[in-house]
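Number of protein chains: 2
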Amino acid sequence: MTTIGQSRIAADDEDISVEELRLAARNHGMPLEALRYDVTPAGLHYLLIHYDIPDTADWSLDVLGRKWTLDELRALPAVTEQVTLECAGNGRAKLHPRPVSQPWLDEAVGCAAWTGTPLAPLLADLPPDAVDVVFTGLDHGLDRGVEQDYQRALPVAEALRPDVLLAYEMNGQPLLPQHGAPLRLVVPGWYGMTHVKWLGSITALDRPFDGFQQAVAYRITHEPDDEGTPVTRMLPKALMAPPGFPDFMTRQRFVDAGRVVLTGRAWSGHAPVAKVEVELDGTWVEAELGPAGDRYAWRRWECAWDATPGEHVLRVRATDADGLTQPLDQPWNRQGMANNTAQRVPVTVRP
Amino acid sequence: MTTIGQSRIAADDEDISVEELRLAARNHGMPLEALRYDVTPAGLHYLLIHYDIPDTADWSLDVLGRKWTLDELRALPAVTEQVTLECAGNGRAKLHPRPVSQPWLDEAVGCAAWTGTPLAPLLADLPPDAVDVVFTGLDHGLDRGVEQDYQRALPVAEALRPDVLLAYEMNGQPLLPQHGAPLRLVVPGWYGMTHVKWLGSITALDRPFDGFQQAVAYRITHEPDDEGTPVTRMLPKALMAPPGFPDFMTRQRFVDAGRVVLTGRAWSGHAPVAKVEVELDGTWVEAELGPAGDRYAWRRWECAWDATPGEHVLRVRATDADGLTQPLDQPWNRQGMANNTAQRVPVTVRP
């Protein structure tokens, strides 16, 4: 592995380091067959915990200097929203050369029903000169030599969106420790790094926030000294539940010849999903979309395939109402961020 | 990677293959800070799903030819037991050379409160010549060329133990899909492969079961054509919650100098835990054990450490009432099974 500027690039394009494995054994993706569920069951939703799950005994939330207990927040108006979260680093391990960090393939996603109270009313006393609202988690550690509590910020206009929640329940149950108990931020449409877990305080800044996770990490950069552009909303993406059954070790899929109904989910943080296409034996076919649910929930799609014996590679891509779509060839960036290249699913069809 | 006989050995001792990464991104361990919980919260318990989580609509259980619905099983006497489960392959990725399969480091463990009905009364009609009781799951796939439903067997005497459960709840909630919903087997004291998930049928055999997961997989072997010995009960093991806070990428730990209380859990499937020792700067110190809980639940331990500035490697090992203990140097076997070598925790102490 070589370290250049703020990024680490794998020296070898194929093999994964023990450090990456250690992260993969802790931070798990969603098994892709769980695309069958409208709402991802507890424990199947992807997880990225930067440091350790903190001990949150004696928790309270400080908002602009005012302390809130969980009971006080629960007494405020409650809203439930179904929201898809995807890690900004999803797909990183498919890049060549591979940026070295959490080594996601396709699976860093999930869609939960989040219940909480809207943030905006708690920000009524925001100073008039506020530029960014900073969210500080209780998780603490080192990243590239910088000791820190996990912190991310939102521009004021984004923080005041009516659908931004302080969430204390996931799928009708109190937040689990690994999902930020007792309280996390939910910012529908944005990549996962935004939804600060184990939220401890909310402060205002009269200038753009320049903390590590904002100014250094979570940026699209191409050169070692390139400041780059920040990662914000989720690019459109469709995923397929791999059909048939797998081989244990390779995860290669096996299907019997005949009609196979391919299904999956699609989402975009920019605009509603407008179209999903599946590549079947070289031809892109438009999939049928399921009912549109909550604005930032994923949408089901399905597409019939006449599977003929032999080796096949299926692909799928989503296009949203803004016309954003998924590339077929992988663009690259140093941190391996926001890779929404179309998923490839190799399938062996048996006679 | 080379394939010899029934095992696959990594050609390179250091780097992990993309196939292993794909398994690690699906099947997750328990983050070691979760050793703080007596009962592992939902979603933090380790998972090994051989194939896909099956669709279990229209489920029923066939026991020796008699069909049972979930409601019928729930109407039978219910028992709740706190039981530690560890994957038989835990620690595999620490072996040299590394057997290629699910690449666990230390984290493939959890301790849940399982609720279900005892199995023995449902086996009242077991044929007198029965030797093995075979448990068939609904998960289906290929392993080393053999297409199969996941199947494991127990000798009759073990299957009739009063604490063997057909479990439908975990931590007071209906089983989650990834933990075998609606029903799984729980065999306290045995490694995880025994606790068949998505249980579909129970049959009797008048001879030892020779299915793939019994006769080929889950065996301690040393030579390519060695039939080996089956993996059964969990060997003693202690794990430490790594102290202090981590670096994101390396997971290296940082602690401030002074008194640090080290804590963790210990278990054995053979006999109750009798002793836990922690190696502090070259000296093995006996840890204080917490209260003994359910027979097959893990037991808390703690040990104070006077941390002095510099680099340290802590180790911990458990000994059970049968006198079984943990090796300090790694023994090796071809499948990477039952590795209970003492955990090593490198720690940087800051002045």
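Read top to bottom, the protein sequences are chains A and B. As numbered in this note's numbering, residues 1 to 351 make up the first sequence, in order. As numbered in this note's numbering, residues 1001 to 1351 make up the second sequence, in order. Using N, Cα and C, we set each Cβ at its ideal position, and we do this for glycine too.
Starting from residue i, trace the alpha helix (DSSP H) both ways and give me its first and last residue.
i, result
"Q1151/B", "Run containing Q1151/B: none in the alpha helix (DSSP H); it sits in the beta strand (DSSP E), 1146-1155."
"V1018/B", "1018-1026"
Residue i to residue j, Cα distance in whole Å?
i, j, result
"G244/A", "P31/A", "14 Å"
"V131/A", "K237/A", "31 Å"
"E1028/B", "P128/A", "Residue 1028/B is actually His in this sequence, not Glu. Distance between the alpha carbons of H1028/B and P128/A: 46 Å."
"E1033/B", "P54/A", "8 Å"
"V1347/B", "R1253/B", "5 Å"
"T325/A", "L126/A", "37 Å"
"T1263/B", "M1240/B", "6 Å"
"P103/A", "C1111/B", "27 Å"
"P1041/B", "C1087/B", "18 Å"
"L105/A", "Y218/A", "17 Å"
"A1075/B", "V1039/B", "26 Å"
"L1061/B", "A1153/B", "16 Å"
"I1049/B", "H1140/B", "10 Å"
"A93/A", "E227/A", "22 Å"
"T1002/B", "G1211/B", "Confidence is the limiting factor: at T1002/B the pLDDT is only 47, short of 50, which leaves the residue's position unreliable, though a coordinate-based value still follows. Spanning the two alpha carbons is a distance of roughly 24 Å."
"T1308/B", "T1250/B", "22 Å"
"G180/A", "G310/A", "46 Å"
"G336/A", "P97/A", "10 Å"
"R1022/B", "L123/A", "43 Å"
"G258/A", "D306/A", "5 Å"
"T115/A", "L235/A", "24 Å"
"P351/A", "A1159/B", "40 Å"
"A1318/B", "E1223/B", "29 Å"
"P1331/B", "E1302/B", "27 Å"
"Q1006/B", "V1146/B", "Confidence is the limiting factor: at Q1006/B the pLDDT is only 47, short of 50, which leaves the residue's position unreliable and the question unanswerable from this model."
"T1069/B", "V255/A", "30 Å"
"D143/A", "G1192/B", "35 Å"
"R344/A", "R300/A", "18 Å"
"T1194/B", "E107/A", "28 Å"
"G43/A", "D58/A", "25 Å"
"G1091/B", "E1081/B", "26 Å"
"V313/A", "V260/A", "14 Å"
Quick one: list the residues of chain B neighbouring residue i, beta-carbon separation under 8 Å, in chain order.
i, result
"L175/A", "Going along chain B, no residue has its Cβ under 8 Å from L175/A, so there is no contact; the nearest lies around 10 Å."
"T221/A", "Per Cβ cutoff of 8 Å: no residues; T221/A is ~17 Å from chain B at best."
What are the start and end residues of the beta strand (DSSP E) that includes residue i?
i, result
"A287/A", "Counting along the chain, A287/A falls outside any beta strand (DSSP E), and DSSP gives it neither H nor E."
"E1081/B", "1079-1086"
"D71/A", "Note, D71/A: premise wrong, no beta strand (DSSP E); alpha helix (DSSP H) at 70-74."
"R1299/B", "1299-1307"
"E1227/B", "From DSSP, E1227/B is part of no beta strand (DSSP E); its letter is neither H nor E."
"W1267/B", "1258-1267"
"V1063/B", "1061-1063"
List the residues of chain B that residue i touches, going by C-beta distances under 7 Å, in chain order.
i, result
"A93/A", "L1021"
"H50/A", "F1248"
Kindly give me the distance between the Cβ atoms of residue i and residue j, rounded to whole angstroms, as I take these residues to be in contact under 8 Å.
i, j, result
"E1279/B", "R1315/B", "4 Å"
"W1190/B", "R1233/B", "6 Å"
"L1185/B", "L1205/B", "Actually they are not in contact, since the Cβ atoms of L1185/B and L1205/B sit about 16 Å apart, beyond 8 Å."
"G1137/B", "G1200/B", "6 Å"
"V100/A", "E20/A", "6 Å"
"V63/A", "I202/A", "5 Å"
"A1274/B", "A1338/B", "With a Cβ gap of about 20 Å, A1274/B and A1338/B do not count as contacting."
"A1113/B", "N1171/B", "5 Å"
"R1295/B", "P1155/B", "That belief does not hold up - the Cβ atoms of R1295/B and P1155/B are roughly 20 Å apart, past 8 Å."
"A1304/B", "V1083/B", "At roughly 30 Å, the Cβ-Cβ gap does not stay under 8 Å, so A1304/B and V1083/B are not in contact."
Is DSSP giving residue i helix, strand or coil here?
i, result
"M1249/B", "coil"
"R219/A", "strand"
"T194/A", "helix"
"R1092/B", "helix"
"G1336/B", "coil"
"M1001/B", "Annotation note: pLDDT 43 at M1001/B (below 50); position unreliable, no value reported."
"P1121/B", "helix"
"F991/B", "What the structure shows of chain B is the stretch from 1001 to 1351, and residue 991/B is not part of that stretch, so it cannot be assessed."
"L175/A", "coil"
"R1161/B", "coil"
"D1015/B", "coil"
"Q214/A", "helix"
"M112/A", "For clarity, residue 112/A is Ala in the given sequence; the question names Met instead. A112/A falls in the strand class under three-state DSSP."
"E33/A", "helix"
"V1276/B", "strand"
Show which residues of chain A have a CB atom less than 8 Å away from the CB atom of residue i.
i, result
"G1029/B", "A25, R26"
Say yes only if the C-beta of residue i is nearer than 7 Å to one or more non-hydrogen atoms of the ligand ADP, and no if none qualify.
i, result
"G211/A", "Questions concerning the ligand ADP fall outside what the structure shown contains, since it holds no ligand whatsoever."
Could you name the residues of chain A that residue i contacts, counting a contact when the two beta carbons are closer than 7 Å?
i, result
"R1251/B", "R22"
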